[in-house]
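These notes concern the structure reproduced below.
There are 2 protein chains.
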Amino acid sequence: MAGQHLLVPRLEGVSREQFMQHYYPQRKPLVLEGIDLGPCTSKWTVDYLSQVGGNKEVKIHVAAVAQMDFISKNFVYRTLPFDQLVQRAAEKKHKEFFISEDEKYYLRSLGEDPRKVMDNFLIQVTGKKRVVLFSPRDAQYLYLKGTKSEVLNIDNPDLAKYPLFSKARRYECSLEAGDVLFIPALWFHNVISEEFGVGVNIFWKHLPSECYDKTDTYGNKDPTAASRAAQILDRALKTLAELPEEYRDFYARRMVVHIQDKAYSKNFE
Amino acid sequence: MAGQHLLVPRLEGVSREQFMQHYYPQRKPLVLEGIDLGPCTSKWTVDYLSQVGGNKEVKIHVAAVAQMDFISKNFVYRTLPFDQLVQRAAEKKHKEFFISEDEKYYLRSLGEDPRKVMDNFLIQVTGKKRVVLFSPRDAQYLYLKGTKSEVLNIDNPDLAKYPLFSKARRYECSLEAGDVLFIPALWFHNVISEEFGVGVNIFWKHLPSECYDKTDTYGNKDPTAASRAAQILDRALKTLAELPEEYRDFYARRMVVHIQDKAYSKNFE
């Protein structure tokens, strides 16, 4: 039983005003085509990047497969000079390699976690990516471990192990050079690079600035109200833990019903 | 699709020690037979009760059907002298009546709510009762409104309206004069008197005395740790309410997963 498959809508020639007034408030992923990104889409070739980037050493993720797994960590960290990395990443088969001749490389310029509480434009400057997104509403079907889904093989999921995953609605898009994908805060995304390319992510705060943790350099901490609520909940659970198991279970279930009643959205799909 | 039907086990000649050491800790309903209840089971006839009870006025529940509904309140309160009540309650058809010739009467000597956080012996002194019980673990299938189930017609439930009710495991027993039913704290029970009779309930505290609210005369308040946890949870939800709906929903779902993970029992069925 496969889940619902949906395409991320594509829009060409949307102006800043149209986006801000009409599309942005809908809080749904969207591919914008034909945005003027300047000369980078044609200029950032392998040769150009190797030349301009130079031979400064960079730390990279190296994995045997395209789907990097940030839970079991199916990758190793290695170091390469930037220009060599670019050359290697652009090859189909590698003469020199760390783990296998078709290993994949990933250079991330900032922290590990996807930015989860900020809005995001993923700008596909060069190369191709396939991006699959899941709504925060479907988090309950994603078998989250922390903020990441345990379901790694989203194209052929183990439904015996992850039966609810079939309920998650899958939003998919293919990004080509020049495409800009809007990823609203809280949306889960799974990215596969289909060929060598450069992506630039622009993150910005959706909520008023005071909603965020000021020490949150990478923008992946929960809004402060959510962290405080989680801390308060932990106090409630500590109190509940004073009771024997059967009572604790019973009242925990009552708490869940109360949260569902008071805090779940009723009016958005 | 009917739920699982189970019989409440019956045990004859269980000693106090056997009950306390072996059966009580299992926290499951149980019918004890052959307990020495003294002469009441034969002595408390309609005539004896009328005579001994006298004509003091008592407030009673009067309903057209045996299944009294404490949510929609399908009964009226009326007053009768105790001896007349006993006479009337023992009739099949009533010559004098309040609402119908086969109306049912119920005299309860204490508050309305079932004692839900105390352990309970329901002693069937005379008459017959059918009792259906549901485990606190199945609370999620009972469509609770406060502490009571909205599913009143448990023998022929409206499964279109209450689909989850079919998952609730139904424990049933018939009590006859002399039977003693152990109802552990938190178990839901639905009682139908099949003929005129007298039941005596004995409630006692299962948890150490300091776990209960000292102002709780009737023993139906939640243990203090559970009330405090619920209050703390309300503070958490108030904090969460500072966030816009999509974030509130998302983090509320995370809180639910956290409660399920931390406070639900994993090892009891």
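As you go down the protein sequences, you meet chains R and C in turn. Using my numbering, the first residue of the first sequence is number 492, and each one after it goes up by one. Using my numbering, the first residue of the second sequence is number 492, and each one after it goes up by one. Note that beta-carbon positions come from the ideal geometry of N, C-alpha and C, so glycine has one too. Please read these numbers as outputs of a predicted model, since none were measured by experiment.
In this structure, DSSP gives Phe561 of chain C a state outside helix and strand, which the three-state scheme calls coil.
Each residue's CA atom was taken as its position, placing Ile674 of chain C and Lys620 of chain C some 14 Å apart.
Look at Pro516 of chain C: its C-beta is not under 8 Å from any C-beta on chain R.
For the stretch 496 to 508 of chain R, the set of residues with a beta-carbon nearer than 8 Å to any beta-carbon of chain C is empty. Rounded to the nearest angstrom, the gap between the Cα atoms of Arg579 of chain R and His585 of chain R is 7 Å. DSSP places Thr532 of chain C outside any beta strand (DSSP E); the residue lies instead in the alpha helix (DSSP H), whose first and last residues are Cys531 to Lys534. The secondary-structure analysis by DSSP pairs Glu663 of chain R across a beta bridge with R:Leu498 and R:Val623. At least one CB of chain C lies nearer than 8 Å to the CB of Gln751 of chain R.
Contact with chain C is absent for Ile562 of chain R, since none of that chain's Cβ atoms lies less than 8 Å from the residue's Cβ. DSSP lists C:Lys620 as the bridge partner or partners of Ser684 of chain C. Residues Glu594 of the same chain have their beta carbon placed closer than 6 Å to that of Phe588 of chain R, with the five preceding and five following residues left out of the count.
Thr570 of chain C is not a Cβ neighbour of Lys583 of chain C, given a cutoff of 8 Å. Scanning R:Tyr597, R:Pro516 and R:Asp610 for the CA closest to the CA of Asn692 of chain R turns up R:Asp610.
In this structure, the alpha-carbon of Ser626 of chain R lies about 27 Å from that of Phe566 of chain R. For Gly525 of chain C, there is no enclosing alpha helix (DSSP H), as DSSP gives it neither H nor E. Considering only beta carbons, the part of the stretch 659 to 681 of chain C lying closer than 9 Å to chain R consists of Pro675, Ala676 and Leu677, in chain order. Interface criterion met: the Cβ of Ile723 of chain C is under 8 Å from a Cβ in chain R.
What Met609 of chain C touches in chain R, judged by beta-carbon distance under 8 Å, is nothing: the nearest beta carbon there is about 12 Å away. Inclusion of Leu731 of chain C and Ala717 of chain R in the CB contact set at 8 Å is warranted, their separation being smaller than that value.
Taking 8 Å as the CB threshold, Val642 of chain C stays off the interface with chain R.
Nearest in C-alpha terms to Gln631 of chain R, of all of C:Gly494, C:Val748, C:His496 and C:Ser506, is C:Val748.
In the structure shown, the three-state DSSP call for Arg579 of chain R is helix. Residues of chain R with a Cβ closer than 9 Å to the Cβ of Met559 of chain C do not exist, since the nearest Cβ in that chain sits about 24 Å away. Counting along the chain, the unbroken alpha helix (DSSP H) around Phe741 of chain C starts and ends at Glu736 to Ala754. When C-beta atoms of the stretch 697 to 708 of chain C are compared with those of the stretch 720 to 730 of chain C, fewer than three pairs fall below 8 Å, so the two segments do not count as touching.
For Val689 of chain R, the enclosing beta strand (DSSP E) starts and ends at Val689 to Trp695. Rounded to the nearest angstrom, the gap between the Cα atoms of Leu650 of chain R and Phe656 of chain R is 7 Å.
Identification of residues in the stretch 699 to 720 of chain R having a C-beta nearer than 8 Å to some C-beta of chain C yields Cys702, Asp713, Pro714, Ala716, Ala717, Arg719 and Ala720, given in sequence order.
The beta-carbon separation of Gln615 of chain R and Ala554 of chain R, rounded to 21 Å, does not stay under the 8 Å limit for a contact. Taking 8 Å as the threshold, the shortest C-beta distance from Ser533 of chain C to chain R does not fall below it.
Between Met559 of chain C and Ile750 of chain R, the C-beta gap is not smaller than 8 Å, which leaves the two residues out of contact. In this structure, DSSP gives Ala717 of chain R a helical state, which the three-state scheme calls helix. Annotated three-state conformation of Leu633 of chain C is coil, per DSSP.
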